[in-house]
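Here's the structure we're looking at; comments come further down.
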Amino acid sequence: MTERVSAPWWRDAVFYEVYLRSFADSDGDGVGDLPGIRSRLRYLADLGVDALWITPFYPSPLTDAGYDVADYRDVDPTYGGLAAFDALLADAHRLGLRVTVDIVPNHTSYRHPWFVDALSAAPGSRERARYLFRDGHGPGGDEPPNNWASVFGGPAWTRVPAADGRPGQWYLHLFTPEQPDLNWRNPEVGDEFESILRFWLDRGVDGFRIDVAHGLIKDAMLPDNPGVRHPGPDHDGTETVHAWDQPEVHEVFRRWRQVLDSYPGDRMAVGEAWVMNAERLAAYVRPDELQQAFNFLFLGAPWAAADMRQVIDASLAATALVGATTTWVLSNHDVVRHVTRYGDGAAGQRRARAALLLMLALPGSAYLYQGEELGLPQVEVAPAARQDPVWERTGHTEIGRDGCRVPVPWSGDAPPYGFSTTAQTWLPAPAGWADCTVAAESARGDSMLALYRAALRLRREWVGAGGGALRWMDRTGPSDLLDFERGGGATRVRCVVNLGAVAVSLPVGDVLLASGPLAGDRLPPDTAAWIRPVDPNRTA
Ligand code: NOJ
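Those letters in the sequence shown? Residues -10 to 529, by this note's numbering.
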């Protein structure tokens, strides 16, 4: 008898990013927590996602909303502690949901014991060798070691006092000064992170989302960059060649893959790698490296058929070269929500609905961000309430990312819409969201939430039947269409998306789902439909 080998679960899974601080607050302190997530697991299972990615819950001084970790092997009491994590994991698994957690290896918090020790240790010591301490340039070492800038604004170097109280060495921080970069060329750092991965794998997590995966290794000489900008949500990385995407970073992930593979159950990791193009990204998902990397090219593509198609083709081709699956992302906690990116208001909503059917029809895995299933737009958070360090560090020139991070509205007519029992939430919930709470949208058949539920349910059926590769169905006529098929026989599905300004005729077949009202047999602008092509052998 031949054994049937099934594909690993993550290859075509739909992940849901839970931005912990804003998902659900169980104890009324205005901050989301793990028991809050636990109480909403049924909602997530019913939505139809396969796995969660939970943003950092570690003890942290919160300089960067938890992406500044002081202890990698604990859960902050604010979020419920380790016991709450274990309980959440057990319940999620019982409901068939996988759980992946955020791991932040590029930098620690300045409150991490390693950095505290490094500050009181001498230049050249073992303690300092865990980070990137260097002497400054110029007379008295007053100039930073190179011209690198922090992603969040300002220089990427901060000077610390020497033992005698006079100005001493500088240390590198690609983000805030409270997030010192680790020295990944030091084997002690690799060993420590292997142990951290094992800590969470032993507890039963299904995988990791790797923060700043492309940044761990810097050019060993730390040379000046030709430009001083850095990649991030708004940048393409072309100007900074020495801080990011260095060849040796792949050795780190080869080791991590071995660790993951040494556990049963297809444990996985997805890398956050802001790199220049699909080929560079594919290098992170070679067979002996990470299972997945976020495809930010798709997220960055404008609402235009030619751009979308180019990104889809390039993404599929690059991952096919290495035998990996492609991932598709429209929003996350670092970027402007896609309803707003696509034009806001009614147009933004229409396009976001169509984009969902596009994304979920593509081969591979999709990552959803909490609140997109409600069609939430970007919020303008009042200056005094802003939390993102970007706002201060850029001298109030960049507004920061708070607008996509406000609490999820669950029910009721006024802030905080069932997120918490206090109105004093860590970021304020906006007025005017009574119609886009989970409760309100659950009651409306034409809501964004209803569309997400229907689309995820249908997608499970054809993914369960094998999915299949994408075949473009080119036709003459407007080039504002994306039109492709997947699968065969009873699970054949055609996805047509109209990104143009005029309605187009729909292919013959049964409409399984449409993102908006159809105009008879025509597909209106900014609308997508999933069609089951008519079987020529069908008699009735
Ligand atoms: C990427 C995370 O998604 C972002 O929120 C964070 O600020 C940076 N990495 C630094 O850790």
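C-beta: ideal position from N, C-alpha, C; glycine also.
Asked	Found
Between which two residues does the alpha helix (DSSP H) containing Phe74 stretch?	Gly70 to Arg83
What did DSSP end up calling Ile206 once you bin it into helix, strand or coil?	coil
Taking only heavy atoms of the ligand NOJ into account, decide whether any of them is closer than 7 Å to the Cβ of Glu261.	yes
Using only the heavy atoms of the ligand MN, determine whether one of them is closer than 7 Å to the beta carbon of His385.	This structure lacks the ligand MN; its bound ligands are the ligand NOJ.
Quick check: Leu161 and Trp146, are their CB atoms within less than 8 Å of each other?	yes
Would you check if the distance between the CB atom of Ala271 and the CB atom of His203 is smaller than 8 Å?	no
Can you check whether the CB of Asp18 is closer than 8 Å to the CB of Thr52?	no
When the distance is taken between beta carbons, is Tyr5 closer than 8 Å to Leu345?	no
Quick one: grab the DSSP three-state call for Val90.	strand
Just checking Phe46 against the ligand NOJ - is the residue's beta carbon closer than 7 Å to any of the ligand's heavy atoms?	no
Output yes or no for whether 8 Å exceeds the beta carbon distance between Ser494 and Asp469.	no
Taking the alpha helix (DSSP H) that Phe182 falls in, what are its first and last residues?	Pro176 to Arg192
Assign Ala529 to buried or exposed, taking buried as 16 or more other Cβ atoms, counted over all protein chains shown, within 10 Å of its Cβ.	Confidence at Ala529 is low in this model, with a pLDDT of 46, below 50, so the placement of that residue should be treated as unreliable; the coordinate-derived value is given next. Exposed, by the Cβ-count rule.
Ignoring anything shorter than 4 residues, give me the alpha helix (DSSP H) runs that lie fully in the region 237 to 283, in order along the chain.	238 to 250 and 267 to 271
Return yes when at least one heavy atom of the ligand NOJ lies under 7 Å from the C-beta of Asp234, else no.	no
If you measure from the beta carbon of Arg275 to each beta carbon in chain B, is any gap under 8 Å?	Structure shown: chain B not included; a single protein chain is present.
Thinking C-alpha only, which one of Asn321, Trp292 and Pro405 is nearest Thr516?	Trp292
Any heavy atom of the ligand NOJ closer than 7 Å to the Cβ of His322?	yes
Tell me the rounded alpha-carbon separation between Ala313 and Val523.	32 Å
For the ligand NOJ, any of its heavy atoms closer than 7 Å to the Cβ of Asp53?	yes
By Cβ distance, which residues of its chain are closer than 6 Å to Val238, with the 5 residues on each side in sequence left out?	Leu205 and Ile206
Could you give the residue range of the alpha helix (DSSP H) that holds Glu116?	That residue, Glu116, is in no alpha helix (DSSP H); it is neither H nor E in DSSP.
Excluding five sequence neighbours on each side, which residues of the same chain lie with their C-beta closer than 7 Å to the C-beta of Thr227?	Caution applies to Thr227, whose pLDDT of 42 falls short of 50 and renders its modelled position unreliable; the model cannot decide the point.
In this structure, does DSSP put Ile26 in helix, strand or coil?	helix
Tell me the DSSP bridge mates of His96?	Asp170
I'd like to check one pair, Val491 with Ile520: are the Cβ atoms closer than 8 Å?	no
Gly498 lies in the beta strand (DSSP E); which residues open and close that run?	Gly498 to Ala503
Return the residue from the list Arg243, Asp63, Val482 and Pro513 that minimises the CA-CA distance to Ile185.	Asp63
Counting Cβ pairs closer than 8 Å, one from the region 133 to 143 and one from the region 11 to 28, do we hit at least three?	no
Give a yes or no on whether the C-beta atoms belonging to Ala350 and His327 are separated by under 8 Å.	no
DSSP three-state label for His327, please.	helix
Please name the residue, chosen from Ala258, His101, Asp250 and Ala209, that lies closest to Asp234 on a Cα-to-Cα basis.	Ala209
Mind reading off the beta-carbon distance from Tyr8 to Arg394? Whole number of angstroms is fine, and I expect it under 8 Å.	6 Å
With a threshold of 16 other CB atoms inside 10 Å of the CB of His385, please say whether the residue is buried or exposed.	exposed
Are Leu163 and Ala73 touching if we call contact CB-CB under 8 Å?	no
Among Leu488, Val486, Asn487 and Trp461, which has the Cα closest to the Cα of Arg475?	Trp461
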